[in-house]
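Every position in the sequence shown, counted from 1, becomes a number in my numbering once 207 is added.
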Amino acid sequence: MGTCRHQTSRTDQSDKAFYLLVYRFLFFDWLFRDVNRGSFLERAAAWRFNREMRRHLPIYLRRWVILTVCSYALGAMFESWLSLGHAAAFFYGVTSVSVAMAMLIVRSWLGLKYG
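In structure tokens, the structure reads:
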């Protein structure tokens, strides 16, 4: 009985690790520090750290642009070739979220570069 619990917790941990990996693959907020906490010197150090970490943002932008293109292509394929409107609407929705995320990344990169 103890083995089952140990085995279950191991699979739960691997599931959590997988979700964390996917989250870190798509989202970049874990790379940056909060510039609104701490003393003036701590906030300045966090700002410098964030400006250095902006070099990773183009990688995330590339991932979201690829997701945008793929989801749009899948939406067009489901709409025109297979005539499945609901599936096409889902992929077009993913496209619109991906475009918004790409714009957020561009704005963050520009803000950290020129801000």
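In this text, a Cβ means the ideal position worked out from N, Cα and C, and glycines have one as well.
In whole angstroms, what is the alpha-carbon distance linking ARG269 and TYR279?
15 Å
From TRP316, TYR321, GLY322, pick the residue whose C-alpha is nearest to that of ARG261; which is it?
TRP316
Which residues in the same chain have their Cβ closer than 7 Å to the Cβ of ARG314, if we skip the five residues on either side of it in sequence?
Counting only Cβ-Cβ distances below 7 Å, and skipping sequence neighbours, we find nothing.
Could you round the C-beta distance between THR275 and SER305 to whole angstroms and report it? I think they count as a contact, below 8 Å.
4 Å
Secondary structure at MET208, three-state DSSP: helix, strand or coil?
With a pLDDT of only 49 at MET208, under the threshold of 50, the placement of this residue in the model should not be trusted, and no figure is reported.
How would you write the range of the alpha helix (DSSP H) that VAL242 sits in, first residue to last?
Run containing VAL242: none; DSSP gives neither H nor E here.
Using the Cα positions of PHE297 and LEU228, report the straight-line distance between them to the nearest angstrom.
Annotation: PHE297 to LEU228 spans about 24 Å, alpha carbon to alpha carbon.
To the nearest angstrom, report how far apart SER290 and GLY300 are at their CA atoms.
17 Å
For PHE234, does the three-state DSSP call read helix, strand or coil?
coil
Taking buried to mean at least 16 other C-beta atoms within 10 Å of its own C-beta, is TYR321 buried or exposed?
exposed
Own chain, CB closer than 7 Å to ILE273, minus 5 neighbours either side, in chain order
none
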